[in-house]
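Worksheet: the structure to be examined is printed underneath.
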Amino acid sequence: MNTSAHSMPRNGARWLTQALEAEGVETLFGYPGGTIMPFYDALVDSRLKHILVRHEQGAALAANGYARASGKVGVCVATSGPGASNLVTGIADAMLDSVPMVCLTGQVATPLLGTDAFQELDVFGMTMPIVKHSFLVRSVDQLPEMVREAFRIAREGRPGPVLIDLPKDVQIADASHLPDHVPAAVLPPPAPADAKLAEALAAIASAERPVVYGGGGIALAGAVHAFRRFVEATGIPTALTLRGLGALPHAHPDYLGMLGMHGTRAANMAIQECDLLVVVGARFDDRATGKLSEFAPFARVIHLDADAYEISKLRTADIAVPGDVATSLKALSAARGNCQAWRTRCFANREKFAARYDAPGTDIYAPALLKRLSEVAPPDTIIACDVGQHQMWVAQHCRFNDPRNHLTSGALGTMGFGLPAAMGAQFACPDRTVVLVSGDGSFMMNVQELVTIARCKLPVKIVLLDNSSLGMVRQWQELFFAERYSEIDLSDNPDFAALAQVFGIPAKRIIARGDVDAALAELLAQPGPGLLHVAIDARANVWPLVPPNNANSTMLDSNPAHAVKETTHALPA
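Each residue of the sequence shown is one higher than the last, beginning at 367 in my numbering.
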């Protein structure tokens, strides 16, 4: 901190930096520019650690990853106009995955609002559909209430992003009369209704074929331990969504695997046959349910969620239990049923359809490599990934013991998410191993943040799977568009190992299966950042696969003998 700050009058920008400190913010990510310069001037005298990214999208996604890994509010900063608009994808990603963020944007001075001034953009209006709330601060006197509310809203209930748009004249206005910032109290979720809990207990006790369907809302509600105790107490076979992975450890005896489009056969089969579906913090999204009208067709539904608006939104709940999820799960842990025969059947399917890693050929098999990565990395390793085939392979084959160890863009599917998210996670958890698994398509979308990782000496380990194509698009064109391949060729990729080395990051490339173990060990032993460029089979697909517009009982597999007879190749929506 610059000691000269004590003799300088407190303006809006300085008040704001002190308010951020009072909110417990330690690290923020941003990129300076004209209308946010007073804030950056105030940072000189602040205890806040600012990370200079190389693109504002990197700032938003780094704050996103920081929040996911830590559970704290992530903060990003940008100037007005293009700086603010470059944040939008990262903000939308946070909104759809319920990630708490506060986004600070500069704005032209209030007399210039609506005049088409240089770099004026209505980011307040632009972000309204993708934030929990937007604030445009028109007077320095509004700062205390708006900042307090922004952090409260970001944290309270279902978390999400909040925008504070800061005109330049507000930042430089005298704030010496403003009180020091005091964070707002966050209200706990309401208690569940006893009558609903009694109904749920009775339903569980009488069920013959129950299944638990858990999602990302378990971790958001701080209910991971209660969820595990509930599953262990009742012995109900359990499936998790992409965002729910880690709520039960991968090797847990009650775990059937991920459900949905690329889920396990055991999980999908159990849900399609169950007579009771206990839904915890999940929202019936299409990638999990397949054809919704045919999802769990024989089941009564108990739905637990902290967000009452999610209950019965897409599938009517027979027993709705809004409110504190951990409290509900503790009460329902008293339920006792008799589903041993059902358990035996479910877990026989888990063994019967377990993933195989002995793929034919000599190319490196991505699922086997990722399974090996999980085996040799520390058990508390945070794995971030981008979007594409590798995202599904990570979900299927990496072993997660905590939901905050798995950083993935679930609802929005943001290519380019992984590198800045991993960067944010490493700042949030400096003593943990952070690994990014990316693909050659996604990696290039925010490759500029290699500079940030190198400059900050962040020990992020990068496993880059390269099939010289947009693999997931190629797979869908193969299966659903009669192999009419269009604009998926990435054979002109750069030499990724050489590219990383240009940034000062140690890197190597492997092409042979026999090199995998040694290369992973070398990567994980690096004291700083490192990149492993892995050439994989360009023809490899992600299996199993539920074709779009089909029920989850209809799954394609790389082994034709496993394909359900009524499977059809439906055109995607």
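We put the beta carbon where it would ideally sit given N, CA and C, even for glycine. This structure is a prediction, so every number in the text was calculated from the model and none was measured.
Original post:
Any idea what DSSP makes of VAL882, helix, strand or coil?
Top reply: helix
Original post:
Would you call GLU932 buried or exposed, if buried means 16 or more other Cβ atoms sit within 10 Å of its Cβ?
Top reply: The predicted position of GLU932 is uncertain, since its pLDDT is 36 and thus under 50; no value can be drawn from it.
Subject >> Beta-carbon contacts of ALA385 that lie in its chain and below 7 angstroms, excluding the five residues immediately before and after >> reply: Here the set comprises VAL513, HIS547.
**OP:** Within its chain, find whatever has a CB closer than 6 angstroms to the CB of ALA734; leave out the 5 residues flanking it on each side and keep chain order.
**Re:** TYR723
Original post:
I think LEU643 touches ALA662, with their Cβ atoms under 8 angstroms apart; what is that distance to the nearest whole Å?
Top reply: 5 angstroms
Original post:
Looking at the structure shown, is ASP540 part of a helix, part of a strand, or coil, going by DSSP?
Top reply: strand
Original post:
With distances taken from CA atoms, which of ALA674, TYR675, MET635 is nearest GLU660?
Top reply: MET635
Original post:
Comparing alpha-carbon positions, which option in MET461, ALA450, TYR406, ALA388 lies nearest GLY779?
Top reply: MET461
Original post:
Are the segment 685-699 and the segment 863-871 in contact at 8 angstroms, needing three or more beta carbon pairs?
Top reply: no
**OP:** Spatial neighbours of VAL753 within its chain, please: CB distance less than 7 angstroms, with the 5 preceding and 5 following residues excluded, ordered by chain position.
**Re:** Excluding sequence neighbours, VAL753 sits near SER775, GLY779, THR780, MET781, PHE783, SER808.
Original post:
What three-state label does DSSP hand VAL577 in the structure shown?
Top reply: The answer is strand: DSSP assigns VAL577 an E or B state.
**OP:** Quick one: measure Cβ to Cβ for ALA864 and ILE685, integer angstroms, because I've assumed they're closer than 8 angstroms.
**Re:** Incorrect: roughly 59 angstroms between the Cβ atoms, too far for contact.
**OP:** At 4 residues or longer, and completely inside the segment 477-558: list those alpha helix (DSSP H) runs for me, N to C.
**Re:** 489-492, 509-521, 534-538, all fully within the segment 477-558.
Original post:
Should ASN925 go down as buried or exposed, given a rule of 16 or more other Cβ atoms within 10 Å for buried?
Top reply: Interpretation of ASN925 is limited by its pLDDT of 39, a score under 50 that renders its predicted location unreliable; the figure taken from the coordinates is listed afterwards. Answer is exposed; the Cβ neighbour count stays below 16.
Original post:
If you count every other CB in all the chains shown that lies within 10 Å of the CB of LEU937, and 16 or more means buried, which is it?
Top reply: The pLDDT assigned to LEU937 is 31, lower than 50, so where the model puts this residue is not dependable; a value taken from the coordinates is nonetheless given after this. Sixteen is the threshold: since fewer than 16 other Cβ atoms of the shown chains lie within 10 Å of the Cβ of LEU937, the residue is exposed.
Original post:
Hey, out of CYS822, LEU509, LEU898, whose CA is closest to SER542's CA?
Top reply: Considering only alpha carbons, the answer is LEU509.
Original post:
Is the CB of ARG821 under 8 angstroms away from at least one CB in chain D?
Top reply: In the structure shown, chain D cannot be found, because there is only a single protein chain.
**OP:** Would you mind sorting GLY583 into buried or exposed? The rule is 16 or more other CB atoms within 10 Å of its CB.
**Re:** buried
Original post:
Looking only at its own chain, which residues have a Cβ that is under 6 angstroms from the Cβ of SER500, when we skip the five neighbours before and after it?
Top reply: PHE490, THR493, MET494, LEU529
Subject >> Three-state secondary structure assigned by DSSP to THR445 >> reply: coil
**OP:** Would you mind giving the Cβ-Cβ distance between VAL826 and ALA884, rounded to the nearest angstrom? I have them listed as a contact below 8 angstroms.
**Re:** With a Cβ gap of about 20 angstroms, VAL826 and ALA884 do not count as contacting.
Original post:
Leaving out the 5 sequence neighbours to the left and right, which residues in its chain are closer than 8 angstroms to ALA929 when beta-carbon positions are compared?
Top reply: Any reading at ALA929 must be qualified, since the residue scores a pLDDT of 44, below 50, and its modelled position is unreliable; the value itself is stated next. Correct list, in chain order: MET921, LEU922, ASP923.
Original post:
In its own chain, which residues sit with a C-beta less than 6 angstroms from the C-beta of THR934, not counting the 5 before and 5 after it?
Top reply: Note that THR934 has pLDDT 29, beneath the 50 cutoff, so the model's placement of it is unreliable and no number is given.
Original post:
So, do the segment 590-610 and the segment 693-704 have three or more beta carbon pairs nearer to each other than 8 angstroms?
Top reply: yes
Original post:
How about LEU897 and LEU836: do their beta carbons lie closer than 8 angstroms?
Top reply: no
Subject >> Contacts around PRO555, its chain only, beta-carbon distance under 8 angstroms, and the 5 residues preceding and following it disregarded >> reply: GLY523, ALA587, ALA672, GLY689, ASP690, VAL691
Original post:
Start and end of the beta strand (DSSP E) containing GLY396?
Top reply: In this chain, the beta strand (DSSP E) harbouring GLY396 covers 393-396.
Original post:
Would you call the CB atoms of ALA633 and MET624 closer than 8 angstroms?
Top reply: The answer is yes: Cβ separation under 8 angstroms.
Subject >> Where ILE685 falls: helix, strand or coil (DSSP) >> reply: strand
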